[in-house]
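Novice: Quick one: the structure is below, and I'll ask about it shortly.
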Amino acid sequence: DVKVTQSSRYLVKRTGEKVFLECVQDMDHENMFWYRQDPGLGLRLIYFSYDVKMKEKGDIPEGYSVSREKKERFSLILESASTNQTSMYLCASSQKFGTSILETQYFGPGTRLLVL
Amino acid sequence: TQLLEQSPQFLSIQEGENLTVYCNSSSVFSSLQWYRQEPGEGPVLLVTVVTGGEVKKLKRLTFQFGDARKDSSLHITAAQPGDTGLYLCAGYNDMRFGAGTRLTVKP
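Chains as they are written, first to last, in the numbering used here: chain A, -3 to 112; chain B, 17 to 123.
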């Protein structure tokens, strides 16, 4: 079974802190994704990566950066946390993109971040 | 960006009832997925539909892809409390998700 793990289930940080969210997958997937999930807004894509050291902006990259130094690990960084970044953060991975068929995304359990 | 609209946003029913939830867009999709997310967990894939008019069944769940490939529906027969969760659709090719339908099935 594919396993995607996230470093923390719950996290409380103060405004202005630098926050690292770590995600690790064990299925040698090429693609990895970071989403945030807010009530009524669904999942919004922050960043994704289709290869080591490669990254692409999603819909809401402002205030975030990412790092993918190894294939299995994709980190989301909040450079200076703000209260509007309080949210559930979900990491996902999938195999390499096909031509027209969605690849299955495997999600981690999520990190619920509270910024005070 | 392809906008996916899901309806209803919330649905609360009694065990044993049938229900249908919808995923609509003005764009044509080459494929579409349905996920279910249970409280405290990440979404899990239920099905991928590819062909216009396609119908797929997963036990009591029936998924249909519209003929024009702009919409999809999920029908649940005889809902059970274990069906409770957030149902999300996602469309190719930009990995965007709808906002979801939050289903509660009461015993």
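Beta carbons: idealized from backbone N, C-alpha and C, even for Gly.
1) Answer yes or no: does any C-beta atom of chain B fall closer than 8 Å to that of T82/A?
2) Check the Cβ of T100/A against every Cβ in chain B and list those closer than 8 Å, keeping chain order.
3) Can you confirm whether Y108/B, when its beta carbon is compared against all beta carbons of chain A, has any partner nearer than 8 Å?
4) When the distance is taken between beta carbons, is C39/B closer than 8 Å to D83/B?
5) Mind checking which residues open and close the beta strand (DSSP E) that includes M28/A?
6) Considering Cα atoms alone, identify which of L110/A, S89/A, L7/A is closest to G104/A.
7) So which residues on chain B does G106/A lean against when the C-beta distance must stay under 7 Å?
8) Note down, in chain order, each residue of its chain lying with its Cβ closer than 8 Å to the Cβ of V48/A, except the 5 sequence neighbours on either side.
9) Got a sec: is the Cβ-Cβ distance from F16/A to anything in chain B below 8 Å?
Specialist: If we stick to the structure as given:
1) By 1-based counting over the first sequence, the position of residue 82/A is 86. Chain B contact via Cβ: absent.
2) Stepping through the first sequence from its first residue, residue 100/A is reached at position 104. Chain B residues near T100/A: Q49, L61, T64.
3) Position 92 of the second sequence, counting from 1, holds the residue named residue 108/B. Closer than 8 Å to some Cβ of chain A, the Cβ of Y108/B qualifies, so yes.
4) Indexing the second sequence from 1 puts residue 83/B at position 67. Indexing the second sequence from 1 puts residue 39/B at position 23. Contact: no.
5) Taking the first residue of the first sequence as position 1, residue 28/A is located at position 32. First-last of the beta strand (DSSP E) with M28/A: 27 to 34.
6) Here residue 104/A refers to the residue found at position 108 when the first sequence is read from its first residue. Checked all of L110/A, S89/A, L7/A; the closest Cα to G104/A is S89/A.
7) Here the question's residue 106/A lines up with position 110 in the first sequence. The answer, in chain order, is G58.
8) If you number the first sequence from 1, residue 48/A lands on position 52. The residues R64, E65, K66, K67, in chain order, have a CB closer than 8 Å to that of V48/A in the same chain once the five nearest residues on each side in sequence are set aside.
9) Indexing the first sequence from 1 puts residue 16/A at position 20. False, the Cβ-Cβ gap to chain B never drops below 8 Å.
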